[in-house]
Amino acid sequence: MNGRLVVTASPHIREDVSVEKVMYGVVIALVPAIAGSVYFYGSRALFLTALACVAALATEALIQRARGVPVTIRDGSALVTGILLAFNLPPGVPWWLPVVGSVFAIAIGKQVFGGLGYNPLNPALLGRAFLLASWPVHMTTSWLPARGGTLSGISMAGVDAVTQATPLAVLRKVSEVLSDPSSTTHQIVQAREVLSDLGSVDSLLNLFVGRVGGCIGETSALLLLIGAVYLLYRHFIDWRIPAAYVGTVAVLAWIFGGPSGLFTGHALFHVLAGGLILGAFYMATDMVTSPVTPRGMIIFGVGCGVLTTIIRTVGGYPEGVSYSILLMNVATPLIDRHTRPRIFGEVKKGE
């Protein structure tokens, strides 16, 4: 044989993938949802998103200059953080809220740990959690009805203020009425009518398209899934986390999510309502804060699904996606440690 034996250090498999390609790929995937937010909520949605992005980029540049390290705002990571933070805000919040949220997300959620690759928690979700704890009224009441739809996604003549909330909040109110022994017959009948309409084809179609109230970028499952298909096609995200996450919520919501007892929940409603699709495909899959092992990804997704269902059904908020992902971010190092695949040639003690 005349060939040469070439010996090189690992890794031996390389891909032409960079931080910039992945981050701008995520931006491309979010474009349909950005366009949808403008359609459903007007130019204000774009204005708030732009403010969040500018604040994120400026904060990252200023802190990196102060630290004396290279400014890396061109890698797209701060831009993605700004977009995702804005996507988690109600469209009626004051203009300064996305600015404060982005500054906190970048400064405290990312740069304080050393920058991209060192942050243990998803910066955008950490920024949202900070805003929710600091200004809960703005974060839970600044909803706007979507163009061509209603705040709750249903339109029932004669129904009182129970339908003047987002879909998950309406379900929470209906559950409270049905479980309260002091509820009148009229209230119970009305609540059952609303519950039936929430699971109707028209209501589910509104949730799928985006004709409902909610945060800026979470309401249209259709537009988010279009972007998710692109990310999966480009191999920028792995299918295991979103599949395990969404599947777990669907099963547990069917078993425990119904106000009329076990196995009465509407799985598809829980999948389409709130920020589950946004969280499962765009935030739980964050490469820095999610597990890297295949088994770890499944465990992470299932954990997110379990926590989301618990918060939605018995927690203090009707939505639980953000806190679920943040809590599982904390568990990521432990998951990776205990799901590490066996190294070829490794011999365990005692063997």
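As numbered in the working numbering, residues 5 to 355 make up the sequence shown, in order. Each residue gets a CB set at the ideal place from its N, CA and C atoms; glycine is no exception.
Check                                                                                                     : Outcome
Segment contact, 8 Å Cβ cut-off, at least three pairs: the segment 332 to 350 with the segment 293 to 313 : yes
Own chain residues within Cβ distance below 6 Å of A56, not counting five before or after                 : G86, L89, A90, P102 and S106
Reduced DSSP secondary structure (H/G/I, E/B, other) of G231                                              : helix
Proximity winner among V31, R8, S22 and D20, relative to L235 (alpha-carbon distances)                    : V31
Proximal residues to L276 (C-beta, below 6 Å), its chain only, five neighbours per side dropped           : L211, F212 and A225
Coil, strand or helix - N123 by DSSP                                                                      : coil
Residue span of the alpha helix (DSSP H) that contains P36, given as start and end                        : V23 to Y45
For D184 and T317, the rounded distance between their alpha carbons                                       : 15 Å
Cutoff 6 Å; reference E64; Cβ partners in own chain excluding five residues on either side                : I77, A82 and I110
Cα-Cα separation between G251 and Y237, rounded to whole angstroms                                        : 20 Å
Coil, strand or helix - A150 by DSSP                                                                      : coil
Of the residues F273, N123, L93 and M27, the one placed nearest P337, counting alpha carbons only         : N123
Secondary structure of N92, DSSP reduced to three states                                                  : coil
Alpha-carbon spacing of A165 relative to R196, whole angstroms                                            : Note that A165 has pLDDT 47, beneath the 50 cutoff, so the model's placement of it is unreliable and the number below is only indicative. Going by the C-alpha atoms only, they are around 15 Å apart.
Counted within 10 angstroms of its Cβ, other Cβ atoms place S264 as buried (16 or more) or exposed        : exposed
Alpha-carbon spacing of D340 relative to G300, whole angstroms                                            : 6 Å
Check whether S200 and I158 have beta carbons under 7 Å apart                                             : no
Simplified DSSP assignment, three categories, for E197                                                    : helix
Within 7 Å, strictly: CB atoms of S187 and V178                                                           : no
Same chain only: Cβ atoms within 8 Å of P322, ignoring 5 sequence neighbours per side                     : T170, L172, A173, L175, R176, G278 and R316
Burial state of L228, where buried means 16 or more other Cβ atoms lie within 10 Å                        : buried
Euclidean distance between Cα positions of I347 and S294                                                  : 21 Å
CA-to-CA distance, R132 to M143, given in whole angstroms                                                 : 9 Å
V296 - DSSP class collapsed to helix/strand/coil                                                          : coil
Through-space distance from V292 to G218, alpha-carbon basis                                              : 27 Å
Backbone secondary structure at K177 - three-state DSSP                                                   : helix
Exposed unless 16 or more other CB atoms sit within 10 angstroms - verdict on A2                          : No information on residue 2 is available, as it lies outside the stretch 5 to 355 that the chain covers here.
G153 beta carbon less than 7 Å from that of R215                                                          : yes
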